[in-house]
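J.: When you line the sequence shown up against mature numbering (1 follows the signal peptide of the UniProt record, and there is no 0), it's residues -22 to -1, 1 to 94, in that order.
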Amino acid sequence: MGTWRPITVGNLFLRILCSVIARRLSSSMPIHEIQVGFVPCDGIAKNSLLFARILKDGNTVTDETAIVLLDCVRAFDSVGHVHLFAALERLGVCNAYQQVFRFLYGQSTTRLQAGH
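Encoded structure:
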């Protein structure tokens, strides 16, 4: 598996720990207001209305309107741990949290046992 990790299979304690850390980090590192992926909100309606507004009014405000749709299925799985660790450092996340993430994602393993 190299530097990739399964998202849906993991220790419950580790998932709870990561959830607590994520809540603490999110209070000091706000995300953009139109971000709807991986955040607890109902962003489908808001972004659907925004999309409809762009389609309706886009060519009346400017001569050039472009809409880009990105399919981010499994986007988190496709980012290597090296890049995640570099982003934590670049964003100024404290060393204690960086060490926790390095331990969780650099030293963790997953073992599945089937048929027993």
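All C-beta atoms in this analysis are idealised placements derived from N, C-alpha and C, irrespective of residue type, glycine included.
I'd like the span of the alpha helix (DSSP H) that includes E67, first residue to last.
T.: The residue labelled residue 67 in the question sits at position 89 within the sequence shown. Membership of E67 in the alpha helix (DSSP H) is indicated by the continuous run H59 to R68.
J.: Distance check for R1 and H10, CA to CA, integer angstroms please.
T.: Indexing the sequence shown from 1 puts residue 10 at position 32. Indexing the sequence shown from 1 puts residue 1 at position 23. For H10 and R1, the distance between alpha carbons rounds to 16 Å.
J.: So the alpha helix (DSSP H) R2 belongs to, where does it begin and stop?
T.: Here residue 2 corresponds to residue number 24 of the sequence shown, with the count starting at 1. Element bounds for R2: L(-11) to S6.
J.: Can you tell me the Cα-Cα spacing of L62 and G36, whole angstroms?
T.: Here residue 62 refers to the residue found at position 84 of the sequence shown. Here residue 36 refers to the residue found at position 58 of the sequence shown. Spanning the two alpha carbons is a distance of roughly 36 Å.
J.: Measure the Cβ-Cβ separation of I(-2) and V57 and say whether it is below 9 Å.
T.: The count along the sequence shown starts at 1 and reaches residue -2 at position 21. The count along the sequence shown starts at 1 and reaches residue 57 at position 79. No; because the gap between Cβ atoms is not below 9 Å, this pair is not in contact.
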